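Notes follow the structure.
Residue numbers (this note's numbering), protein chains in the order written: chain G, -17 to 179; chain L, 12 to 265.
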């Protein structure tokens, strides 16, 4: 069977493309880290007896606590800011008995002010407790900051948990791009039915 | 038996399709983006993450700064911060609490094969109106919410483990009004239909309070039903506030 010229060129191009993608994929795998990150915390087993779990909320998922305040999302859709002010929040659900250790904020900050973020609990009777706090820092643009270590256990029967954020700046110079909670699962997790694992 | 033959042309066309289909998929992903039109990715200014170099990452072995409980941090609420331990449930156990079923004379057979209670507990201020046009306000140190329209219904997505059994819905409220607000746990069918699975009203006008729904006992099948918490204030001012909704559910014991 004879191939026409254009058929030969087409087949050559397709096979070359296939070869390039296969080799590229193989090289990408080779350049990945050879070893998995260390999961044991030898010097901090008392502080964090289990591997961390994370709850990571995109900044644009928060909304103002009062409807009087506006909100805007930046071009990527991941960050949020206000041109009026106010305080933003989002519901937070964590497993019963989990231990919250850290709150991390991801922000865009070119403002002279710093934003505040909290994990707050409420009792349903008008009272609150700011359990973990972290603020943005600097004016360099995108950045991240970590709270101090604060061990808080989750008791869903007694408290509702909320992520709060106050920009302290009414412009795009202060944006929330994410909040990430580092927590560990309670021991009972090992004995839960498979639907939760 | 007749042999099937493939020409070189057929093979080449097949190879071409195998290459083109994934290529088109990748291109489509590039074109259909959740970003705003004209979005240009900013220059990367945050250093690449190295797992284990920060205290909130596995593998970290450096020093840890423990938060000072007496540190002067800005409050998230307008009221006075309190120690919530003083509000731990006390008094007569309620049907949505485990201790209730330990009492003599209470029939706990219905709970055979089910775990103790788990809760989805949400602050009222995390619900939002389901249609724009009206307004909402936070109160109660940022934990409660109220509206400026009687028919301004608020909602929040609710997720439960597959196979769980939803037993009760509890409402926490501030109510000095002559009316009563109502909360529902509702499912939708994705085609405009809905079903209020259970409901609970606020009661009296004495201020802060809580009431409990009747027993539901519904097994969660997430394949069929998305759950939603709904609340309608019935009152258009701060005499009616939602401070929390708590769903009590159990897990099946394998």
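Built from N, CA and C at the ideal position, the CB exists for glycine as well.
Here the structure is a predicted model, which is why all the values come from computation and not from measurement.
Below-8 Å beta-carbon distance, residue i vs any chain G residue
| i | result |
| --- | --- |
| residue 103/L | no |
| residue 65/L | yes |
| residue 211/L | no |
| residue 165/L | no |
| residue 251/L | no |
| residue 147/L | yes |
| residue 134/L | yes |
| residue 139/L | yes |
| residue 46/L | yes |
| residue 228/L | no |
| residue 255/L | yes |
| residue 124/L | no |
| residue 98/L | Only weak support exists for where residue 98/L lies, its pLDDT of 43 falling under 50; the value from the coordinates is given anyway. Interface residue, yes. |
| residue 68/L | yes |
| residue 234/L | no |
| residue 157/L | no |
| residue 221/L | yes |
| residue 224/L | no |
Terminal residues of the beta strand (DSSP E) in which residue i lies
| i | result |
| --- | --- |
| residue 53/G | Here residue 53/G belongs to no beta strand (DSSP E), and DSSP marks it neither H nor E. |
| residue 165/L | 165 to 169 |
| residue 252/L | 251 to 263 |
| residue 81/L | Neither: residue 81/L is in no beta strand (DSSP E) and is coded neither H nor E. |
| residue 243/L | 238 to 243 |
| residue 77/L | First-last for residue 77/L: undefined, no H or E at that position. |
| residue 233/L | Per DSSP, residue 233/L belongs to no beta strand (DSSP E) and is neither H nor E. |
| residue 123/G | 123 to 128 |
| residue 157/G | 156 to 166 |
| residue 133/L | 125 to 134 |
| residue 217/L | Counting along the chain, residue 217/L falls outside any beta strand (DSSP E), and DSSP gives it neither H nor E. |
Contact test: residue i Cβ vs the ligand NAP heavy atom, cutoff 7 Å
| i | result |
| --- | --- |
| residue 85/L | The ligand content of the structure shown is nil, which means the ligand NAP is not present either. |
Separation of residue j from residue i, as counted between CA atoms
| i | j | result |
| --- | --- | --- |
| residue 77/L | residue 133/G | 9 Å |
| residue 80/G | residue 35/G | 10 Å |
| residue 224/L | residue 147/G | 33 Å |
| residue 161/L | residue 259/L | 28 Å |
| residue 74/G | residue 144/G | 5 Å |
| residue 84/L | residue 188/L | 36 Å |
| residue 67/L | residue 131/G | 9 Å |
| residue 63/L | residue 73/L | 9 Å |
| residue 184/L | residue 148/L | 14 Å |
| residue 238/L | residue 64/G | 30 Å |
| residue 80/L | residue 83/G | 14 Å |
| residue 140/G | residue 178/L | 17 Å |
| residue 39/G | residue 25/L | 44 Å |
| residue 19/G | residue 227/L | Legend: pLDDT at residue 19/G = 33, less than 50; position of this residue unreliable, no value from coordinates given. |
| residue 151/G | residue 93/G | 7 Å |
| residue 51/G | residue 221/L | 29 Å |
| residue 139/L | residue 166/L | 6 Å |
| residue 21/L | residue 46/L | 41 Å |
| residue 107/L | residue 207/L | 19 Å |
| residue 116/G | residue 149/G | 12 Å |
| residue 135/G | residue 27/L | 57 Å |
| residue 162/G | residue 101/G | 10 Å |
| residue 176/L | residue 123/G | 47 Å |
| residue 5/G | residue 23/L | Unreliable positioning characterises residue 5/G in this predicted model, as indicated by a pLDDT of 49, which lies under 50. The coordinate reading is nonetheless provided below. Approximately 21 Å, taken between the alpha carbons. |
| residue 164/G | residue 88/L | 23 Å |
| residue 134/L | residue 158/G | 21 Å |
| residue 209/L | residue 241/L | 11 Å |
| residue 236/L | residue 75/L | 44 Å |
Neighbour flag for residue i against chain L, beta carbons, 8 Å
| i | result |
| --- | --- |
| residue 151/G | no |
| residue 146/G | yes |
| residue 51/G | no |
| residue 72/G | yes |
| residue 69/G | yes |
| residue 33/G | yes |
| residue 63/G | no |
| residue 75/G | yes |
| residue 58/G | yes |
| residue 142/G | yes |
| residue 164/G | yes |
| residue 80/G | no |
| residue 155/G | no |
CB contact below 8 Å: residue i versus chain C
| i | result |
| --- | --- |
| residue 160/G | Considering every chain present, this structure includes no chain C. Its protein chains are G and L. |
Integer-rounded CB distance, given that residue j should sit under 8 Å from residue i
| i | j | result |
| --- | --- | --- |
| residue 180/G | residue 128/G | Not covered by the structure: residue 180/G. The range shown for chain G is -17 to 179. |
| residue 245/L | residue 157/L | Contact doesn't hold; Cβ gap of about 11 Å is too wide. |
| residue 233/L | residue 138/G | In fact, because the Cβ distance is near 19 Å, the residues do not count as touching under 8 Å. |
| residue 110/G | residue 153/L | 6 Å |
Chain-ordered residues of the stretch 90 to 107 of chain G with a beta carbon less than 7 Å from chain L: Close to chain L, meaning a Cβ-Cβ distance shorter than 7 Å, are the following residues of the stretch 90 to 107 of chain G: 98, 100, 102, 103, 104, 105, 106 and 107.
Note down, in chain order, all residues in the stretch 176 to 196 of chain L with a beta-carbon under 7 Å from any beta-carbon belonging to chain G. In summary, the residues of the stretch 176 to 196 of chain L whose CB is separated from some CB of chain G by less than 7 Å are 183 and 185, in the order they occur in the chain.
When Cβ atoms are compared, which residues of the stretch 123 to 135 of chain G fall closer than 9 Å to chain L? Hits within the stretch, in order: 123, 124, 125, 126, 128, 129, 130, 131, 132 and 133.
Looking at chain G, which residues of the stretch 73 to 91 of chain L have a Cβ within less than 9 Å of any of its Cβ atoms? Hits within the stretch, in order: 73, 75, 76, 77, 78, 79, 80, 82, 84, 85, 86, 87, 88, 90 and 91.
Cβ-based contacts, 9 Å cut-off: residues of the stretch 36 to 51 of chain G near chain L: Here the close residues are 36, 45, 46, 47, 48, 49 and 50.
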